[in-house]
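So the mapping is simple: the numbering used here equals the position in the sequence shown, first residue as 1, plus 14. Don't be surprised by glycine CBs; every beta carbon is placed ideally from N, CA and C. Only a predicted model underlies this, so the values are computations on that prediction, with no experimental measurement involved.
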Amino acid sequence: MSDVSSEPEWLTIPALVNLLGMSQSRVRHLIDDKYLLAIRRDNVVSVPSLFLRDGAPVPELRGTLFVLADDGFTDMQAMTWLLEVDDSLGVPPIEALRAGRKAEVRRVAQALA
Numbered sequence: 015m016s017d018v019s020s021e022p023e024w025l026t027i028p029a030l031v032n033l034l035g036m037s038q039s040r041v042r043h044l045i046d047d048k049y050l051l052a053i054r055r056d057n058v059v060s061v062p063s064l065f066l067r068d069g070a071p072v073p074e075l076r077g078t079l080f081v082l083a084d085d086g087f088t089d090m091q092a093m094t095w096l097l098e099v100d101d102s103l104g105v106p107p108i109e110a111l112r113a114g115r116k117a118e119v120r121r122v123a124q125a126l127a
């Protein structure tokens, strides 16, 4: 299993502002409203670049974040689960979401409760 902190590309709020072409306030709303998941790394709020596709949040991520929250996952636990290879999926859940396997990912997430 990989450690979340070893993931190669993390984006800070200012980087997201530039990449998404939005205000800092709007980027924070995306995080607050669970369109994106962020954690503090070295006291800096960061989002994995894998959570973005075509200059926007991966649409399938939001519902999955709600499922994980309903299962009692903290943001750090959800981040770890999304980025580490899941045995039943064969890949990290975020990669499965990006590949269009939303229903399968959410079934696995629901089974974690």
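Are the beta-carbon atoms belonging to P28 and Y49 less than 7 Å from one another? Within the sequence shown, numbered from 1, the residue matching residue 28 stands at position 14. Within the sequence shown, numbered from 1, the residue matching residue 49 stands at position 35. No. Outside cutoff.
Tell me which same chain residues have a C-beta within less than 7 Å of the C-beta of E74, skipping the five on either side of it? The residue given as residue 74 occupies position 60 in the sequence shown. Contacts found: L111 and K116.
With DSSP collapsed to three states, give me the class of A13. As displayed, the chain neither begins before 15 nor continues past 127, which places residue 13 out of reach and without an answer.
On the three-state DSSP scale, how would you describe V4? Residue 4 falls outside the range modelled here, since the chain spans only 15 to 127, and no answer is possible.
Distance between R67 and F87 (C-alpha atoms, nearest Å): Walking along the sequence shown from the start, residue 87 turns up at place 73. Walking along the sequence shown from the start, residue 67 turns up at place 53. The alpha-carbon atoms of F87 and R67 are separated by roughly 24 Å.
Output yes or no for whether 7 Å exceeds the beta carbon distance between L165 and L51. Outside the displayed range of the chain (15 to 127) lies residue 165, so it cannot be described from this structure.
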